[in-house]
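Chains as they are written, first to last, in the working numbering: chain A, 1 to 612; chain B, 1001 to 1506.
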């Protein structure tokens, strides 16, 4: 027994040595956690911010660029007693602000340690230069260059969107991509194209000691990473046209959308009142003001506004009638200032000659004519019920891009609504409604709601004689491919041969001259062959909305425009001149009708608009 | 095979192996002390203003001491002078409590101007010497209660005084002398009981007294079954008993949930009675805790077991009954010991070690940083003087108690293994030499030295890698500090000279 004990003790010694070695093996070789912790302990990453990508218009003009601003940083530990008044004067701030900040740093001195704090953000270069001259008097204070957004042209504030510092909610939504203090695009193109625009952050690694002081570059900078600048984005926007549209829309509430029909590229997209680009650059300061504005400048009416299309919708009903075979261009219907849809009720119309055919009905925008058309569509014998007929109609209308989102690359697009049998069954009960009940959809009123983008797209469809490309705002450029969906023609359910039957009516509406009965003679520009359709949409909240869609030139359309002006009255009074000026500006680059332009620019319709 | 038969020259008769390992460890320690005070602005290893320079002085003086012991001081003196030395040191240990300054709560340092001296370090040597003297007496038999108590007193006296100095860590080293007693014939069951006491202590703190007592019953009854060889019977009786008892807490909870819905065991019965009058006759169930039933079952069974042990004169069984009672007592006094006897910092160190408390900035900081430094070393380490954690001072106390971190970070697993193996060789070689010795005094002293080294090694390295609570004791021969280096040099060289003295006679 006794002889064995030394051996037992030696075995015990060996066992303990093995336990120690086993544990060492596990923490030194198996477990990588400690290596990471060690790097976190001893390495400081100095982040290098990349410059954000530039946003260009379709002609290469810079819509959004970058400019240099300075942040003033303080390292509270290094600050010595200083002349507060001189510092405040050189930085253009109040003495109290400095005192307040320094008191705050004093309270948080443990948390801050040797780190730097941001005293001021984004001060302009001139102010910084003034500070730099006296900087030697303020140890612990220094400037840091920062690149911020710059807007050379006041065009497309709503489209471009703004960039601001990420908040806690944003960090949570994009885990691992951002750190507090980073900037990110929050709305518009800045948000949609954030991934391309932001670039990649770089860093310099330094070693620090346990008192948080920098000792030396890590591995002589071998592991450092340079920042990769963000990719540039080319938009389809024409900066000059956009700017011109904004000028025309000043003091008016509404939208202008211009599309290149051949490609679906959005040439301009004006939502008025909009956000001035100067506000975008310093969104933090103006955010509250923008939020409180009763006209809601952040609200992008072009894709989010729900409106009745009014008479421009007659084009859709006419085309469906042609496709269904219940209408031929030579069909004539009478109009005695309206359409009597029951013994007592009448849907009114303005005075014009009677009877008229399809071309004249489009040209003069006759309400009665399209009531007859839609009645024939919905009371077609080939359907068992009006419900079935309406659902078929609904399907055809949807093929024009109505009643659903178009799928553009613009954020927060809405889809509008097109009624179906379900809509009316719910409202009146099944079988309890007939054509007279829903007659108002013949002329684009009632349950039909659309966005300005959708009616601009309608103009593009007619311009193309039967198809459209999904409207989009980003162009293909190096490293930024265009989604395949934007390259496919989207055909409507109406045969392309029928479109040429309504186009002459649209041409005559504009180009027949005053007194002919054409509704949009004011939009005519000699030589441009503008084809258009007016609309006057009833607005339950006030005066009628003025609507106009057009494209030009008739035979080789280069631009399709929709103008939708809230509470502006007849389509011909405001929307038609505005759209016409846009077309002229785009096609010729100059305006031949300065009086009209002046009238439009000076027009102030704001007092007609009910505030939200 | 042994050089003692071959000649008597000095080269052969001293155990030069021990000296070489000693020198290796001291120099490795010195190099690592330099690394741990090394910073971005390096100074010379001999610079006296930094610790590596001072350590060089301590080393030279320690070598001088070693030479003195080997060549000048008559080896027989150690045996004859051991008792007076022991008493002097004991007196110093007591005196230091009253005259020393408070260093982080402990009163263990004498200060004479720049020279500081910790008698607790020397006490290891004198205790070893007296223990060897006592146990090498011809008529000493550890199985005799009187002799056992005497040996225990020799160990326990300085230990108690050191606890009174608030140097509990250093006192813990004395527990290692139990291996010496074991080598000299103490029953192995004592070791087992000690191990079990530690296990129960930890179990009670981390799990519950209930689990702890259940484990005690299981282990003690299993040992009995091993003793009698009736393992199947044990499995049938205790296996089912333990299973039932293990499930009891859940069973009780389910029963309460069924009979007294909406109440849980431990809810205040009076309150439940008020709220739920319709189930009031079952409310007594809420007062019953599993541990009551467990203790009841022990109280019911134990008299029968004790009577049988008495009738059958089964000493093992009687001792088992006693052991169980002690275990139960220990479990219930654990909380008291933990809350009242231990000091705050000791308690929180144990809590951090057992994972009962997360504290990465306070007590846990040392261990967390130490593990990070060692863990980041990988297999080959970051290279000498290239450790980021070491160079930039993330580990507190790195040149003293946490010197092993430097080895771990800069030399990696390989370096750690070399250092640990050197210590294992050292201890094993001491044990080998001790076993060869014909003199009991030398053998027992050798075991004392081996035990001290072993306890320091295990506690210190265990602490740096989170296996042991933070106990501030140095790594022998490697940690910075004159007191510690001198003490271990003297401790080891007395053994070398005793070993040599013996070899001279052959």
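The C-beta atom is built at its ideal place from N, Cα and C for all residues, glycine as well.
Out of the options, point me to the one whose CA is closest to residue i's CA.
| i | options | result |
| --- | --- | --- |
| residue 20 of chain A | B:1466, B:1205 and B:1256 | B:1466 |
| residue 13 of chain A | B:1450, B:1369, B:1196 and B:1483 | B:1450 |
| residue 118 of chain A | A:129, A:98 and A:125 | A:98 |
| residue 519 of chain A | A:149, A:555 and A:312 | A:312 |
| residue 502 of chain A | A:315, A:216 and A:9 | A:315 |
| residue 337 of chain A | A:369, A:527 and A:584 | A:369 |
| residue 128 of chain A | A:144, A:139 and A:302 | A:144 |
| residue 415 of chain A | A:83, A:328, A:287 and A:307 | A:307 |
| residue 59 of chain A | A:546, A:344, A:238 and A:515 | A:238 |
| residue 1221 of chain B | B:1100, B:1239 and B:1412 | B:1239 |
Rounded to the nearest angstrom, what separates residue i and residue j at their Cα positions?
| i | j | result |
| --- | --- | --- |
| residue 142 of chain A | residue 160 of chain A | 33 Å |
| residue 1464 of chain B | residue 15 of chain A | 18 Å |
| residue 1253 of chain B | residue 1333 of chain B | 27 Å |
| residue 2 of chain A | residue 1188 of chain B | Note on residue 2 of chain A: pLDDT 46, under 50, position unreliable in the model; the coordinate value appears next. Whole-angstrom Cα-Cα distance: 11 Å. |
| residue 1050 of chain B | residue 1038 of chain B | 9 Å |
| residue 621 of chain A | residue 378 of chain A | Summary: the structure shown does not reach residue 621 of chain A, with chain A confined to residues 1 through 612, and so no result is reported for it. |
| residue 1300 of chain B | residue 1140 of chain B | 42 Å |
| residue 49 of chain A | residue 236 of chain A | 28 Å |
| residue 1490 of chain B | residue 1446 of chain B | 13 Å |
| residue 226 of chain A | residue 51 of chain A | 12 Å |
| residue 1168 of chain B | residue 1161 of chain B | 10 Å |
| residue 364 of chain A | residue 553 of chain A | 20 Å |
| residue 1001 of chain B | residue 1080 of chain B | Confidence at residue 1001 of chain B is low in this model, with a pLDDT of 41, below 50, so the placement of that residue is unreliable and no value is reported for it. |
| residue 1004 of chain B | residue 1458 of chain B | Confidence at residue 1004 of chain B is low in this model, with a pLDDT of 47, below 50, so its placement is unreliable and the value that follows should be read with caution. Each residue's alpha carbon lies about 33 Å from the other. |
| residue 1302 of chain B | residue 1308 of chain B | 10 Å |
| residue 290 of chain A | residue 298 of chain A | 7 Å |
| residue 1121 of chain B | residue 1367 of chain B | 24 Å |
| residue 596 of chain A | residue 602 of chain A | 10 Å |
| residue 546 of chain A | residue 477 of chain A | 37 Å |
| residue 1171 of chain B | residue 1244 of chain B | 42 Å |
| residue 167 of chain A | residue 265 of chain A | 34 Å |
| residue 153 of chain A | residue 165 of chain A | 23 Å |
| residue 496 of chain A | residue 401 of chain A | 16 Å |
| residue 151 of chain A | residue 122 of chain A | 15 Å |
| residue 471 of chain A | residue 391 of chain A | 26 Å |
| residue 252 of chain A | residue 223 of chain A | 57 Å |
Could you list which residues in chain A have their beta carbon closer than 7 Å to that of residue i, in chain order?
| i | result |
| --- | --- |
| residue 1371 of chain B | 27 and 34 |
| residue 1128 of chain B | Neighbours of residue 1128 of chain B on chain A: none; closest Cβ ~16 Å, over 7 Å. |
| residue 1151 of chain B | Chain A residues near residue 1151 of chain B: none, gap ~16 Å exceeds 7 Å. |
| residue 1427 of chain B | 13 |
Throw me the rounded Cβ distance for the residue i and residue j pair, which I believe falls under 8 Å.
| i | j | result |
| --- | --- | --- |
| residue 1369 of chain B | residue 1394 of chain B | 5 Å |
| residue 1383 of chain B | residue 1339 of chain B | Between residue 1339 of chain B and residue 1383 of chain B the Cβ distance is about 47 Å, and since that is not below 8 Å, they are no contact. |
| residue 1496 of chain B | residue 1070 of chain B | 7 Å |
| residue 565 of chain A | residue 581 of chain A | Contact doesn't hold; Cβ gap of about 13 Å is too wide. |
| residue 1119 of chain B | residue 1092 of chain B | 4 Å |
| residue 267 of chain A | residue 258 of chain A | 4 Å |
| residue 1390 of chain B | residue 1406 of chain B | 5 Å |
| residue 156 of chain A | residue 241 of chain A | Wrong, their Cβ atoms sit about 10 Å apart, outside the cutoff. |
What residues from chain A crowd round residue i, counting only those whose CB sits closer than 8 Å?
| i | result |
| --- | --- |
| residue 1465 of chain B | 20, 23, 24 and 27 |
| residue 1374 of chain B | 24, 27, 28 and 34 |
In chain B, which residues lie with their C-beta within 8 Å of the C-beta of residue i?
| i | result |
| --- | --- |
| residue 42 of chain A | 1388, 1389, 1392 and 1394 |
Using a Cβ cut-off of 7 Å, pull out every chain B residue sitting near residue i, in sequence order please.
| i | result |
| --- | --- |
| residue 6 of chain A | 1183, 1431 and 1435 |
| residue 17 of chain A | 1420 and 1424 |
Please determine whether the Cβ atom of residue i lies at a distance below 7 Å from any heavy atom of the ligand HEM.
| i | result |
| --- | --- |
| residue 1222 of chain B | The ligand content of the structure shown is nil, which means the ligand HEM is not present either. |
Counting only Cβ pairs nearer than 9 Å, list the residues of chain B close to residue i.
| i | result |
| --- | --- |
| residue 220 of chain A | In chain order: nothing, as chain B lies at least about 13 Å away. |
Please determine if the region 1393-1404 of chain B and the region 1466-1486 of chain B are in contact, where contact requires at least 3 C-beta pairs separated by less than 8 Å. The region 1393-1404 of chain B vs the region 1466-1486 of chain B: in contact.
Check whether the region 352-360 of chain A and the region 267-287 of chain A touch, using three or more Cβ-Cβ pairs below 8 Å as the test. No, the region 352-360 of chain A does not touch the region 267-287 of chain A.
Okay, do the region 482-489 of chain A and the region 507-518 of chain A touch, 3+ Cβ pairs below 8 Å being the bar? Pairwise C-beta distances place the region 482-489 of chain A out of contact with the region 507-518 of chain A, as fewer than three of them are shorter than 8 Å.
Pairing CB atoms from the region 291-308 of chain A with CB atoms from the region 172-181 of chain A, are three or more of them under 8 Å? These segments do not touch.
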